[in-house]
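For the sequence shown, the numbering used here begins at 328 and goes up steadily by one. Yeah, the Cβ is synthetic: ideal placement off N, Cα and C, and Gly gets one too. Let me begin by presenting the structure, written as structure tokens, before commenting on it.
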Amino acid sequence: MSIKNEKLNNITDKECLVEYFDEILVKLEHLVEELKVNDPKNESRVHGEWLSLKEAAKYAGVSYNTFITFRHMGLKVCEIEGIKRVSRKEIDNFLESHSY
Numbered sequence: 328m329s330i331k332n333e334k335l336n337n338i339t340d341k342e343c344l345v346e347y348f349d350e351i352l353v354k355l356e357h358l359v360e361e362l363k364v365n366d367p368k369n370e371s372r373v374h375g376e377w378l379s380l381k382e383a384a385k386y387a388g389v390s391y392n393t394f395i396t397f398r399h400m401g402l403k404v405c406e407i408e409g410i411k412r413v414s415r416k417e418i419d420n421f422l423e424s425h426s427y
């Protein structure tokens, strides 16, 4: 009878471990996704309202050089201590105003 109880305990322990590791895996996957979103080098990180010029060019669907041309054409860019950001709304308005 003790052998059956021991096997039952082992099964329960294994199930608990599997459940525990599954929970840890889910948490790790969430953390990895957070890191991807917050990594400034991540090319797919175009989520916020304010974008770097590189991200903004990607958002507008043009090359970086074309985006710089847009700046010369009147696209408003915020610059604070050398850090340049442009809002999605500004890009959308600029593209809309130059559409025909």
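Histidine 399 and glutamate 346 have their C-alpha atoms some 58 Å from each other. For lysine 411, same chain residues with a beta-carbon under 6 Å away, outside a window of 5 residues either side, are Leu380, Val404 in chain order. Boundaries of the alpha helix (DSSP H) around lysine 381: 380–387. Per DSSP, the unbroken alpha helix (DSSP H) holding lysine 416 starts and ends at 415–424. Annotation for tyrosine 427: no alpha helix (DSSP H) segment contains it, and DSSP assigns it neither H nor E.
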